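The structure appears below as structure tokens.
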Amino acid sequence: PLDELNLLNLHSDVIRKIVRVGMEDVDSMKQILPKWNSVVKDHMNNRKNLPVIEYFGWKRQESTG
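According to this note's numbering, the sequence shown is numbered sequentially starting from -2.
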């Protein structure tokens, strides 16, 4: 039943979907429960799950000393 569904018993696939949606809050999600920490780490260790880098800029600053 739905009244038994909680953070403790969410399936790992559901946790992965939540992680994908909230990538900027990954550190917070890892603190929810040990199971979440494990799933988030596994998810983030797979490069294809990481967000796409749409822009990267590099600027060299002259030293003043």
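Beta carbons: idealized from backbone N, C-alpha and C, even for Gly.
All values reported here derive from a predicted model rather than from experimental measurement.
8 Å contact criterion, which residue i and residue j should meet: CB distance rounded
i     : j     : result
Val36 : Arg57 : Not confirmed; about 40 Å, so no contact.
Leu30 : Leu2  : Contact doesn't hold; Cβ gap of about 14 Å is too wide.
Val11 : His40 : Contact flag wrong, Cβ pair sits at about 12 Å.
DSSP-derived helix/strand/coil call for residue i
i     : result
Glu59 : coil
Glu1  : helix
Ile15 : helix
Asn34 : helix
His8  : coil
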